[in-house]
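As structure tokens, the structure follows; a few thoughts come after it.
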Amino acid sequence: MSTFIIPKFALPGFVAKIGARLPQWPHALSLICGLNLVRSLGILPAETLAEIDGRTFRVTVLDTGAVATFTLQGGVFKPVFGKASPDLQFTANLSAYLQLLARQEDPDTLFFNRQLTIEGDTELGLTVKNMLDAVDFSTLRASLSRLPGFARLRDHGDSHTQTSPA
Amino acid sequence: MSATAQPESFRKPELICPAGSLPALKAAIDNGADAVYLGFKNDTNARNFSGLNFDLKTMAEGIRYAQSRGRQVLLALNTYAQAGRVADWRKAVDQAVDLGVNAIILADVGLLDYAAKTHPQARLHLSVQGSATSYEAINFAYEMFGVRRAVLPRVLTLAQVEHVIKNTPVEIEVFGFGSLCVMNEGRCWLSSYACGESPNTVGACSPAKFVKWDKQPDAMEVRLNGILIDRFGNDENAGYPTICKGRFEVAGETYYAMEEPVSLNVVELLPEIMRIGVAAIKVEGRQRSPAYVTQVTRALRQAIDAAAANPDRFVVKPQWMSDLAKVSEGTQATLGAYNRPWR
Numbered sequence: 492m493s494t495f496i497i498p499k500f501a502l503p504g505f506v507a508k509i510g511a512r513l514p515q516w517p518h519a520l521s522l523i524c525g526l527n528l529v530r531s532l533g534i535l536p537a538e539t540l541a542e543i544d545g546r547t548f549r550v551t552v553l554d555t556g557a558v559a560t561f562t563l564q565g566g567v568f569k570p571v572f573g574k575a576s577p578d579l580q581f582t583a584n585l586s587a588y589l590q591l592l593a594r595q596e597d598p599d600t601l602f603f604n605r606q607l608t609i610e611g612d613t614e615l616g617l618t619v620k621n622m623l624d625a626v627d628f629s630t631l632r633a634s635l636s637r638l639p640g641f642a643r644l645r646d647h648g649d650s651h652t653q654t655s656p657a
Numbered sequence: 023m024s025a026t027a028q029p030e031s032f033r034k035p036e037l038i039c040p041a042g043s044l045p046a047l048k049a050a051i052d053n054g055a056d057a058v059y060l061g062f063k064n065d066t067n068a069r070n071f072s073g074l075n076f077d078l079k080t081m082a083e084g085i086r087y088a089q090s091r092g093r094q095v096l097l098a099l100n101t102y103a104q105a106g107r108v109a110d111w112r113k114a115v116d117q118a119v120d121l122g123v124n125a126i127i128l129a130d131v132g133l134l135d136y137a138a139k140t141h142p143q144a145r146l147h148l149s150v151q152g153s154a155t156s157y158e159a160i161n162f163a164y165e166m167f168g169v170r171r172a173v174l175p176r177v178l179t180l181a182q183v184e185h186v187i188k189n190t191p192v193e194i195e196v197f198g199f200g201s202l203c204v205m206n207e208g209r210c211w212l213s214s215y216a217c218g219e220s221p222n223t224v225g226a227c228s229p230a231k232f233v234k235w236d237k238q239p240d241a242m243e244v245r246l247n248g249i250l251i252d253r254f255g256n257d258e259n260a261g262y263p264t265i266c267k268g269r270f271e272v273a274g275e276t277y278y279a280m281e282e283p284v285s286l287n288v289v290e291l292l293p294e295i296m297r298i299g300v301a302a303i304k305v306e307g308r309q310r311s312p313a314y315v316t317q318v319t320r321a322l323r324q325a326i327d328a329a330a331a332n333p334d335r336f337v338v339k340p341q342w343m344s345d346l347a348k349v350s351e352g353t354q355a356t357l358g359a360y361n362r363p364w365r
């Protein structure tokens, strides 16, 4: 049972100033490796992946100064370098992304509260949001636990199930 | 146990929660929903959004998950069959029956007739999209199609809801939480005015392909098929990009000309809702994520249990209200039409 609550926070301004001057490829590659790992587990619906194939995405973390631009090409996530404008762009502070990843906050809530900005192709944004929402964490955890180095996940329950039904 | 005897009409309503995905369904069940409602991945339901809803395999898994825990699954088939494609909607009715859902929520009288004749054993609910606001309309659906429950449009006062309940054998379901619009349910064409598509025709209000969010230095602008709906200042909350919640210039003034972005929250009315005999309380939001479903279901489960256990001494907990306010559109809640003084 998950009890840790990710608070809303913003890193000090200097972090973004420094971060924006650092090379962007290391975290972009980390993100892309993570996406490809999840994709290779087969838990993302094939028809939705086909729908978003060939489109370009940008994730900007405001308070770290990090920017990652990537595309899905032939079913594989790949980095995109240069300043070409993406089809879809997400912009938020680090805490909002962490809250979304942990399913602690709803993207619509963050969007209403202006903590998350989504620009570009709205339908593509909805497709991506709904695809991520549909990932069953219990399936993800079971798939990851079969990989070397992830065995400990086997012992943990499903984090979104907060209470047990009577 | 309640200190004073409750009227014969008193009943503890079921909590009906939205599920746009399997994780949302599990979140609803795990946090205490009595039933979930969901739809197929097509325009037979009014939340036909890209990537949302269930294919047959996932729906079967969701039904197993819910029913094995003693909960119910209601299938929303709440759009109107379009000319030349009636077979698609009838097929969806057949699939729902084959899958073993506990009830089918229908709006179209043609489909109600088909379902009643083809699957007389199926439990049918009259959707809010059916726009039945009077007991006469509901009793018509009961007599013609054997409808067992009706979901009321969000336009009636509680006194009017009570009047309906007293004059029909059909169970009554009301909305308890979620985004509000102009509530002309099943009859709204505002979205079509801008883009030619609306819930009744394609299963979506303001379809995403027509929506454009545009970040400006001092505001976020949103357009529906080129029509400017709103400009949100940097310190203002945003809302869904629907025409009814837009700000427009009327006679030289710019304001919410129809409705402002706001959510319904009936928690403080729960004892009264129970007293008049409402059978079920529905949460809006199949388009929302599992996080929303978790938060809303948990708060409402606790509130309904507390109100049912002691309706006379029911106290609204600030925690429920803050949890619900946080996920509200517009971050403000109203009692909607339920307590309005005029009729």
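In order, the protein sequence lines correspond to chains A and B. Heads up: take any position in the first sequence, counting from 1, add 491, and you land on the working numbering. Heads up: take any position in the second sequence, counting from 1, add 22, and you land on the working numbering. Every residue gets a Cβ at the ideal spot worked out from N, C-alpha and C, and that includes glycine. All values derive from a computational prediction rather than experimental measurement.
Where residue i falls, given that 16 or more other Cβ within 10 Å makes a residue buried
i, result
"residue 232 (chain B)", "buried"
"residue 342 (chain B)", "buried"
"residue 195 (chain B)", "buried"
"residue 254 (chain B)", "buried"
"residue 43 (chain B)", "buried"
"residue 516 (chain A)", "exposed"
"residue 164 (chain B)", "buried"
"residue 107 (chain B)", "exposed"
"residue 655 (chain A)", "Only weak support is given to the placement of residue 655 (chain A): the predicted model assigns it a pLDDT of 38, under 50, and the value that follows is read from those uncertain coordinates. With fewer than 16 Cβ atoms within 10 Å of its Cβ, residue 655 (chain A) is classed as exposed."
"residue 666 (chain A)", "With chain A covering 492 to 657 only, the question about residue 666 (chain A) has no answer from this structure."
"residue 190 (chain B)", "buried"
"residue 575 (chain A)", "exposed"
"residue 215 (chain B)", "exposed"
"residue 67 (chain B)", "buried"
"residue 30 (chain B)", "exposed"
"residue 143 (chain B)", "exposed"
"residue 72 (chain B)", "buried"
"residue 649 (chain A)", "Reliability fails at residue 649 (chain A), whose pLDDT of 45 lies under 50, so the model's placement of it is uncertain and the value that follows must be treated cautiously. That one is buried."
"residue 535 (chain A)", "buried"
"residue 340 (chain B)", "exposed"
Run of the alpha helix (DSSP H) containing residue i, from where it starts to where it stops
i, result
"residue 599 (chain A)", "598-603"
"residue 297 (chain B)", "292-298"
"residue 161 (chain B)", "157-167"
"residue 622 (chain A)", "613-624"
"residue 194 (chain B)", "That residue, residue 194 (chain B), is in no alpha helix (DSSP H); its beta strand (DSSP E) goes 193-201."
"residue 262 (chain B)", "Where residue 262 (chain B) is concerned, there is no enclosing alpha helix (DSSP H), given that its DSSP letter is neither H nor E."
"residue 517 (chain A)", "516-531"
"residue 340 (chain B)", "340-348"
"residue 312 (chain B)", "312-331"
"residue 29 (chain B)", "First-last for residue 29 (chain B): undefined, no H or E at that position."
"residue 13 (chain B)", "Residue 13 (chain B) is absent from the model: chain B starts at 23 and stops at 365."
"residue 78 (chain B)", "78-89"
Listed by chain order, chain A residues near residue i by CB distance under 8 Å
i, result
"residue 234 (chain B)", "613"
"residue 33 (chain B)", "Within chain A, no residue comes near residue 33 (chain B); the closest Cβ sits about 20 Å away, beyond 8 Å."
"residue 311 (chain B)", "594, 597, 598, 599, 620 and 624"
Chain-ordered chain B contacts of residue i [CB-CB under 8 Å]
i, result
"residue 628 (chain A)", "45"
"residue 515 (chain A)", "Result: empty, since nearest Cβ-Cβ is about 21 Å, beyond 8 Å."
9 Å Cβ cut-off: residues of chain B touching residue i
i, result
"residue 603 (chain A)", "259, 260, 261, 262, 283, 349, 350, 351, 352 and 353"
"residue 551 (chain A)", "The contacting residues do not exist; residue 551 (chain A) stays about 12 Å from chain B at best."
Interface flag, residue i vs chain C, CB-CB below 9 Å
i, result
"residue 152 (chain B)", "Judged by its chain identifiers, the structure shown contains no chain C, and its protein chains are A and B."
Beta-bridge pairing of residue i - partner residues as DSSP gives them
i, result
"residue 94 (chain B)", "B:57"
"residue 147 (chain B)", "B:127 and B:171"
"residue 188 (chain B)", "Looking at the DSSP assignment, residue 188 (chain B) forms no beta bridge with any residue, so it has no partner."
"residue 236 (chain B)", "B:243"
"residue 287 (chain B)", "B:199"
"residue 305 (chain B)", "B:199"
"residue 564 (chain A)", "A:567"
"residue 547 (chain A)", "A:562"
"residue 99 (chain B)", "B:128"
Start and end residues, beta strand (DSSP E) containing residue i
i, result
"residue 568 (chain A)", "567-570"
"residue 278 (chain B)", "275-278"
"residue 272 (chain B)", "269-272"
"residue 253 (chain B)", "249-255"
"residue 500 (chain A)", "Unbroken run through residue 500 (chain A): none, as it is neither H nor E."
"residue 583 (chain A)", "579-583"
Neighbour list for residue i in chain A, Cβ cutoff strictly below 9 Å
i, result
"residue 344 (chain B)", "The premise fails here: residue 344 (chain B) is roughly 13 Å from chain A at the closest Cβ pair, so nothing lies under 9 Å."
Where residue i meets chain B, residues with beta-carbon distance less than 7 Å
i, result
"residue 617 (chain A)", "71, 72, 73 and 230"
"residue 609 (chain A)", "235"
"residue 555 (chain A)", "By Cβ distance, chain B contributes nothing, its closest Cβ being about 20 Å from residue 555 (chain A), past 7 Å."
"residue 539 (chain A)", "73"
Return the residues of the segment 213-239 of chain B that lie within a Cβ-Cβ distance of less than 7 Å from chain A, sorted by chain order.
For the segment 213-239 of chain B, which is checked against every Cβ of chain A, the residues closer than 7 Å are 230, 231, 233, 234, 235 and 237.
Give me the subset of the segment 63-92 of chain B whose CB atoms are less than 7 Å from a CB atom of chain A, sorted by chain position.
71, 72, 73, 74 and 91
Would you list, in chain order, the members of the segment 314-331 of chain B that have their beta-carbon closer than 8 Å to a beta-carbon of chain A?
314, 316, 317 and 320
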